[in-house]
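S.K.: For the sequence shown, the working numbering gives the first residue as 307, with consecutive numbering after it.
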Amino acid sequence: MNEKLFKLFFLVFTLFFSIKVFAETRFICERFYINTQGWLKYQHAESWYPKKVLVRLDTNTEKAYLGGSTKYPSNVKVKSEGKRFELKFSLKSSKGKSYYMRVYFLPNSEVHFQLDPVAGIVDLGGAKYRCNGWPM
């Protein structure tokens, strides 16, 4: 009896885990443009806008994550009937100051990354990416 119960539990657990994994869409994004306006060096802009970025998106829960962990979460604003998404991630600088990175999934197949302006600091240029599987 215990063996049957274990198999049933294993089957239910596997199905639940599979459904949870498949609800998430993973976008591997590659930068094709970077605007270095406001940055002292190109390398500084690249540290905020790397060549490749992973964005994980779950439209069921309307949550997104930057990278492979849950360290950088965002709520998802779905716009234009799922043809646009807006995300806002809180990131910390090497000195510990928080900044917001806005990510816009656009219907023209581009994904724009832009740091929010900070009072007293020059507006910094953003970056444009193309992500596999976008538009969905």
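For each residue, glycine too, the CB sits at the ideal point set by N, CA and C.
#1: Can you check which of these residues, 330, 442, 329, 426, is closest to residue 387 by C-alpha distance?
#2: Is the beta carbon of residue 385 sitting closer than 9 angstroms to the one on residue 391?
#3: Does the Cβ of residue 343 have 16 or more other Cβ atoms within 10 Å, making it buried, or fewer, making it exposed?
#4: So, does the stretch 347-356 touch the stretch 366-384, judging by three or more C-beta pairs under 8 angstroms?
#5: List the endpoints of the continuous beta strand (DSSP E) containing residue 380.
#6: In the DSSP assignment, what are the bridge partners of residue 418?
#7: Residue 433: buried (16+ other C-beta within 10 angstroms of its C-beta) or exposed?
#8: With burial defined as no fewer than 16 other Cβ atoms inside 10 Å of the residue's Cβ, what is the status of residue 419: buried or exposed?
#9: Just mark residue 393 as buried or exposed, buried being the case when its beta carbon has 16 or more other beta carbons within 10 Å.
#10: From the DSSP output, read off the bridge partner residues of residue 340.
M.R.: From the atom records:
#1: Taking the sequence shown and counting its residues from 1, one reaches residue 387 at position 81. Cα-wise, what sits closest to residue 387 is 442.
#2: Within the sequence shown, numbered from 1, the residue matching residue 385 stands at position 79. Within the sequence shown, numbered from 1, the residue matching residue 391 stands at position 85. Against a cut-off of 9 angstroms, the Cβ pair of residue 391 and residue 385 comes out as a contact.
#3: Mapped onto the sequence shown, residue 343 falls at position 37. Label assigned to residue 343: exposed.
#4: no
#5: For this step, residue 380 is matched to residue 74 along the sequence shown. Counting along the chain, the beta strand (DSSP E) containing residue 380 begins and ends at 379-385.
#6: As a first step, residue 418 is located in the sequence shown; it is residue number 112 there, counting from the start. Beta-bridge pairing links residue 418 to 410, 434.
#7: Along the sequence shown, read from residue 1 onward, the residue named residue 433 stands at position 127. By the neighbour-count rule (16 or more Cβ atoms within 10 Å), residue 433 is buried.
#8: Position 113 of the sequence shown holds residue 419. Residue 419 should be labelled buried.
#9: Taking the first residue of the sequence shown as 1, we reach residue 393 at position 87. Residue 393 comes out buried.
#10: One-based indexing of the sequence shown puts residue 340 at position 34. Answer by DSSP bridge pairing, in chain order: 433.
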